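Notes follow the structure.
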Amino acid sequence: MANQDFLNEINKRRTFAIISHPDAGKTTITEKVLLFGRAIQTAGTVKGRGSAQHAKSDWMEMEKERGISVTTSVMQFPFNDRLVNLLDTPGHEDFSEDTYRTLTAVDSCLMVIDAAKGVEDRTRKLMEVTRLRDTPIVTFMNKLDRDIRDPMEVMDEVETELNMLCAPITWPIGCGKEFKGVYHLHRDEVILYQTGQGHTIQDVKTIKGIDNPEIDAAVGDELAATLRDEVELVQGASSEFDLELFLSGELTPVYFGTALGNFGVDHMLEGLTEWAPAPMSRASKDREVAASEEKFTGFVFKIQANMDPKHRDRIAFMRIVSGKYQKGMKMRHVRLGKDIAVSDAVTFMAGDRSAAEEAFAGDIIGLHNHGTIQIGDTFSQGEELKFTGIPNFAPEMFRRIRLKDPLKQKQLLKGLVQLSEEGAVQVFRPLRNNDLIVGAVGVLQFEVVTARLKTEYKVEAIYESISVATARWVGSENTTKMNEFEKKAYDNLALDGGDNLTYIAPTMVNLNLATERYPDVEFRKTREH
Ligand code: G4P
Numbered sequence: 285m286a287n288q289d290f291l292n293e294i295n296k297r298r299t300f301a302i303i304s305h306p307d308a309g310k311t312t313i314t315e316k317v318l319l320f321g322r323a324i325q326t327a328g329t330v331k332g333r334g335s336a337q338h339a340k341s342d343w344m345e346m347e348k349e350r351g352i353s354v355t356t357s358v359m360q361f362p363f364n365d366r367l368v369n370l371l372d373t374p375g376h377e378d379f380s381e382d383t384y385r386t387l388t389a390v391d392s393c394l395m396v397i398d399a400a401k402g403v404e405d406r407t408r409k410l411m412e413v414t415r416l417r418d419t420p421i422v423t424f425m426n427k428l429d430r431d432i433r434d435p436m437e438v439m440d441e442v443e444t445e446l447n448m449l450c451a452p453i454t455w456p457i458g459c460g461k462e463f464k465g466v467y468h469l470h471r472d473e474v475i476l477y478q479t480g481q482g483h484t485i486q487d488v489k490t491i492k493g494i495d496n497p498e499i500d501a502a503v504g505d506e507l508a509a510t511l512r513d514e515v516e517l518v519q520g521a522s523s524e525f526d527l528e529l530f531l532s533g534e535l536t537p538v539y540f541g542t543a544l545g546n547f548g549v550d551h552m553l554e555g556l557t558e559w560a561p562a563p564m565s566r567a568s569k570d571r572e573v574a575a576s577e578e579k580f581t582g583f584v585f586k587i588q589a590n591m592d593p594k595h596r597d598r599i600a601f602m603r604i605v606s607g608k609y610q611k612g613m614k615m616r617h618v619r620l621g622k623d624i625a626v627s628d629a630v631t632f633m634a635g636d637r638s639a640a641e642e643a644f645a646g647d648i649i650g651l652h653n654h655g656t657i658q659i660g661d662t663f664s665q666g667e668e669l670k671f672t673g674i675p676n677f678a679p680e681m682f683r684r685i686r687l688k689d690p691l692k693q694k695q696l697l698k699g700l701v702q703l704s705e706e707g708a709v710q711v712f713r714p715l716r717n718n719d720l721i722v723g724a725v726g727v728l729q730f731e732v733v734t735a736r737l738k739t740e741y742k743v744e745a746i747y748e749s750i751s752v753a754t755a756r757w758v759g760s761e762n763t764t765k766m767n768e769f770e771k772k773a774y775d776n777l778a779l780d781g782g783d784n785l786t787y788i789a790p791t792m793v794n795l796n797l798a799t800e801r802y803p804d805v806e807f808r809k810t811r812e813h
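Going by this note's numbering, the sequence shown opens with residue 285, and the numbers climb by one from there.
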């Protein structure tokens, strides 16, 4: 039996990530969340990574900056009686497969929506990834200090486009210049918004009871009347919060506020820390591993290279699935069949990168890595385990890569295969010719790859455009049909870095035709490591 202190440590952890479309307010919310977690004193200290701040071609600069911001890759802080781990999801042009895979390492997500815009493209994509594990989602409708769309309509959009019921927990009173605060449906109280307090924790003014005449005095008769009408409507027409449905990813609690004005973020954080699941169990090839098991297990979901170009310091980010990490402990690198003593794992207390003495299931630790750790690797205390559910994702951008000096083809291939194992990029080799095609989900990945090929593999490569729209990993139980497909589709088939057969479609229409024509062949958007 695990002792109670150990279980308490695990049960108080909440590990989540933020999903949003660029500019919806993720950076601003992160900052306010850290403010409430007392991890920073005043807002304005977390470096934003907005698109305007980076020249596109200057990835080295960006990495340098990231050397600092890696400390914000994982942020751990206490809130109420919980210990929260917030995992950063790279967003603008640093959007990459890491963003997707980070979502496979959390137990819940906060979805931030710009309430003036509604559900946007990137959010849709990220939500697709959370669906792989039915991750519970908390929603924050942001930018209420601006003129927003009808909140009912935006919730409808979430329901129909993301296929998830919405249960409003707070309801806005006005918006834009007229934004007065929210009514908390569960607490039956109005919480008033005060402008000009975006950088500190506000003194909160609340009014108890929806019929309280103080509301009219505070927000004006008209807004008070509208609020009462809307609340009646909302209570009748929208879903009530249901913990079971939330935990199965079918319903999302919805909060309204303004991250910039620092209003509503605390309501959301209270809901999230109360309802989001404690560290969940996780499937491995042979069995489900519970967080409360005493023996340490974990898996690697991200490798960050060159954080400090001087040290060639690569960090493998590991989610602890069960047990406890202790400084100096021995863990087994299952794929290599090797036991290693780890004395210098990195933890992420309150935005500070520091050497961990101990860490528990639900936490993220960083292992120093000199090329022996790959994405998807499992670590254990002796058990031959292989965690599943840390996939590759089908790239959405493709370029042909070519050498300036054709004699170095071998190094190029070696470099690309290694970089693909690390998850920096994916590489495809068409069956019909000697092209090398690089695939990525974010544009910065291309630049990272050529820069790293140059510094680490001494090859200078350039890109050429190529007409590939998307890739799908293919396979079939039916060998006859598969052979037939391979013959017919030969021109569009390629092998990826791990020699897996891939269909590279010149257009989406082409892909749709192929999936219709070969119903016995599976076209997969993800591939397990
Ligand atoms: P992101 O990380 O999701 O990309 O978004 P970020 O927080 O950087 O916010 C994008 C822009 O939206 C920023 O403005 C930010 O100040 C603004 N913003 C965030 N939350 C709110 C809000 O509640 N209300 C209003 N009105 N604006 C909000 P920017 O001008 O692009 O950047 P900055 O120069 O102000 O940093």
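Yeah, the Cβ is synthetic: ideal placement off N, Cα and C, and Gly gets one too.
These figures come from a predicted structure and were not determined experimentally.
A distance criterion of 7 Å places the beta-carbon of residue 650 beyond contact range of the ligand G4P, judged by its closest non-hydrogen atom. Contact between the segment 671-687 and the segment 745-765 is present, with at least three C-beta pairs closer than 8 Å.
The three-state reading of DSSP puts residue 527 in helix, counting H, G and I together. In this structure, residue 380 has its CB at a distance of at least 7 Å from all heavy atoms of the ligand G4P.
With respect to the 8 Å criterion, residue 372 and residue 707 are not classified as neighbours on the basis of their beta carbons. Linking residue 629 to residue 651 through their CA atoms gives a straight-line distance of about 5 Å. Approximately 7 Å separates the beta-carbon atoms of residue 659 and residue 385; this is inside 8 Å, confirming the contact. Selection 290, 291, 296 evaluated against residue 559 yields 296 as nearest (Cα-Cα). A distance criterion of 7 Å places the beta-carbon of residue 307 in contact range of the ligand G4P, judged by its closest non-hydrogen atom. Three or more Cβ pairs closer than 8 Å define a contact, and the segment 781-788 meets that threshold against the segment 696-713. Distance from the C-beta of residue 544 to the nearest heavy atom of the ligand G4P is below 7 Å. Looking at the DSSP output, residue 368 bridges to 298, 361. Contact between the segment 443-461 and the segment 565-579 is absent: fewer than three C-beta pairs spanning the two stretches fall below 8 Å.
Under the DSSP definition of a beta bridge, residue 710 partners with 723.
Across the set 534, 504, 517, the C-alpha of 534 shows the shortest separation from the C-alpha of residue 444. Note on geometry: alpha-carbon atoms of residue 657 and residue 620 lie some 9 Å from one another. As DSSP reads the structure, residue 551 sits in no beta bridge. A direct Cα-to-Cα measurement between residue 587 and residue 599 gives close to 6 Å. Taken from the Cβ of residue 726, every heavy atom of the ligand G4P lies 7 Å or farther away. Within the model, the alpha-carbon separation for residue 807 versus residue 773 is close to 13 Å. The way I'd put it, the segment 504-516 does touch the segment 454-474; three or more beta-carbon pairs between them come closer than 8 Å. In this structure, residue 549 sits away from residue 368, with a CB-CB distance that is not shorter than 8 Å.
Burial state of residue 694 is exposed, judged by a 10 Å Cβ sphere holding fewer than 16 other Cβ atoms. Out of 396, 614, 802, 747, the CA that lies nearest to the CA of residue 765 is found in 802.
Taken in chain order, the complete alpha helix (DSSP H) segments of 4 or more residues contained in the segment 710-789 are 728-741, 763-772. Annotated three-state conformation of residue 481 is coil, per DSSP. In the three-state scheme derived from DSSP, where H, G and I count as helix and E and B as strand, residue 513 is classed as helix.
Burial is judged here by how many other beta carbons sit within 10 angstroms of a residue's own beta carbon; residue 696 has at least 16 and is buried.
By the C-beta criterion, the segment 523-532 is judged not to be in contact with the segment 489-502, since fewer than 3 inter-stretch pairs fall below 8 Å.
Assignment of residue 615 by DSSP, reduced to helix, strand and coil, places it in the strand class. For residue 739, the shortest separation between its Cβ and any heavy atom of the ligand G4P does not lie below 7 Å. Residue nearest to residue 312 within the set 292, 758, 366, 396 is 396 (criterion: CA-CA distance). At least one heavy atom of the ligand G4P falls within 7 Å of the beta-carbon of residue 429.
Scanning 357, 756, 615, 446 for the CA closest to the CA of residue 415 turns up 446.
Distance from the C-beta of residue 465 to the nearest heavy atom of the ligand G4P is not below 7 Å. Just so you know, the alpha carbons of residue 358 and residue 605 end up roughly 16 Å apart.
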